[in-house]
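Just so you know, we're using my numbering here: the sequence shown kicks off at 16 and counts up by one.
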Amino acid sequence: MSASNQGRIGVLLVNLGTPDSPQTPDVRRYLNEFLTDARVVDMPAAIRYPLFRGLVVPLRAPKSAKIYQQLWTERGSPLLYHGLDLQKRVQEQLGNDYLVAFGMRYQNPSVESALQELRDAAVSRIIVLPLFPQYAAASTGSVQEKVMDIVSKWWIVPSISFISNFVDEPGFIETFAMLGKAEMAKHDYDHIVFSYHGIPERHVLKGSHNGYCKLGNCCNSYNKNNRYCYRAQCFETSRQLGKALGLTPEQYTTTFQSRLQSRLRDPWLQPYTDEVIKEYPAKGIHNVLAFSPAFVADCLETTIEVGEEFKELFEEAGGKHWQLVPSLNSEPMWVEAVAGMIRRN
16 MSASNQGRIG VLLVNLGTPD SPQTPDVRRY LNEFLTDARV VDMPAAIRYP
66 LFRGLVVPLR APKSAKIYQQ LWTERGSPLL YHGLDLQKRV QEQLGNDYLV
116 AFGMRYQNPS VESALQELRD AAVSRIIVLP LFPQYAAAST GSVQEKVMDI
166 VSKWWIVPSI SFISNFVDEP GFIETFAMLG KAEMAKHDYD HIVFSYHGIP
216 ERHVLKGSHN GYCKLGNCCN SYNKNNRYCY RAQCFETSRQ LGKALGLTPE
266 QYTTTFQSRL QSRLRDPWLQ PYTDEVIKEY PAKGIHNVLA FSPAFVADCL
316 ETTIEVGEEF KELFEEAGGK HWQLVPSLNS EPMWVEAVAG MIRRN
């Protein structure tokens, strides 16, 4: 039966979020929503709200606003416009049998407005793709919870399915490898760093299947016991990228960035990128190529943190050349991979 009779299939692409502008009030609103999500900061609400809205966010917002001002372009926030570009190109790939909407978990365009667009179009069912390669309760899990909370209030709820991760999706790996090889053709590198966004170790342990997780060698393979373990998924992505780039395990390192350890007083996933790279020059590693495989679009954590702040740390320690591989954004190969995942779902 044709789509005109059945109704189009709705697709919801979701990324994390971005302030509406790089000004402090908008950054404060974004951080207040983000950092009071119970899946991001898993503290009791009675502690979480006063701590973050009353202390952490007011102190952090002006500093973050200055960083966002460095990141902002004529098109606005890169995370937003890369997401809109991806939406447009995936729609073109999928054709009229699908309707592709884009939303942000925090701020605008909201998940609620994107779902309403699909609802108004009377789609036959909805496929939700959170744009996080590796599943984490604080990212993909939060999107899933938000979607279910919204649609639970609809009188008629269509069939909904989620693509929970794409850790080893061939198109995801191949696109990153293609971008990496382009950089490797320009310069000789001593080592490769795959830097992933960090999460607290307790998040990993809370999701451990029957106590399988030991935060150690248990991540040396990717299997049914750790398929939703964020740490195991990161190591699997690194292994897949290493193979695609023709690297031996000794030629790359998996690290974790963006920790809030000083405020939350507990360990985040290790090794920490900023600490590892400072030791490289003393070990004879002076030329490093860095990937951010936890992100599919360039944003503050890639362009500023990995591309600029880590470069400065590395050079201060005696390093000579630090290069960030650009993210997937709306590369044609990545667009095809996204469309392929949706069709298979």
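Here a beta-carbon is modelled for each residue, glycine too, at the ideal position from N, C-alpha and C.
Being a predicted model, the structure only gives us computed values, none of them experimental.
Across the structure, glutamine 338 and aspartate 35 are spaced so that their CA atoms are roughly 29 Å apart. If you ignore the 5 residues before and after lysine 161, its C-beta comes within less than 7 Å of the C-beta of Arg120, Val126, all in its own chain and listed in chain order. Segment contact: the stretch 262-271 against the stretch 189-199, fewer than three CB-CB distances shorter than 8 Å; contact not assigned. DSSP places isoleucine 188 within a helical segment (H, G or I) once states are collapsed to three.
According to the DSSP assignment, proline 145 belongs to the beta strand (DSSP E) that extends over 140-145.
Look at alanine 151 here: in three-state DSSP terms it is coil, with no helix or strand label.
The beta-bridge partner set that DSSP reports for methionine 356 is empty. Per DSSP, the beta-bridge partners of valine 208 are Thr268, Ala305. Annotated three-state conformation of glycine 222 is coil, per DSSP. Per DSSP, the unbroken beta strand (DSSP E) holding isoleucine 175 starts and ends at 174-177. Listed in chain order, the alpha helix (DSSP H) runs fully inside the stretch 26-55 are 39-50, counting runs of at least 4 residues.
When only Cα atoms are considered, phenylalanine 147 and histidine 336 end up about 29 Å apart. Annotation for glycine 257: no beta strand (DSSP E) segment contains it, though the alpha helix (DSSP H) segment containing it runs 245-259. In this structure, Phe325 is the residue among Leu31, Asp313, Phe325 with its C-alpha nearest to the C-alpha of isoleucine 292. Here alanine 116 is bridged, per DSSP, to Leu27. Runs of the beta strand (DSSP E) lying entirely within the stretch 65-131 and spanning at least 3 residues, in chain order: 113-121. In the structure shown, the three-state DSSP call for leucine 339 is strand. Closest in alpha carbon position to tyrosine 287, among Gly299, Ser273, Tyr295, is Ser273. Partner residues in the beta bridge of proline 215, as assigned by DSSP, are Trp283.
Under the three-state reduction of DSSP output, leucine 133 falls in the helix class. Under the three-state reduction of DSSP output, glutamate 351 falls in the helix class.
The beta carbon of tyrosine 96 sits closer than 8 Å to the beta carbons of Thr88, Arg90 from its chain, once the five residues preceding and following it are set aside; these are given in chain order.
The criterion of a C-beta distance shorter than 8 Å is satisfied by isoleucine 300 and histidine 206.
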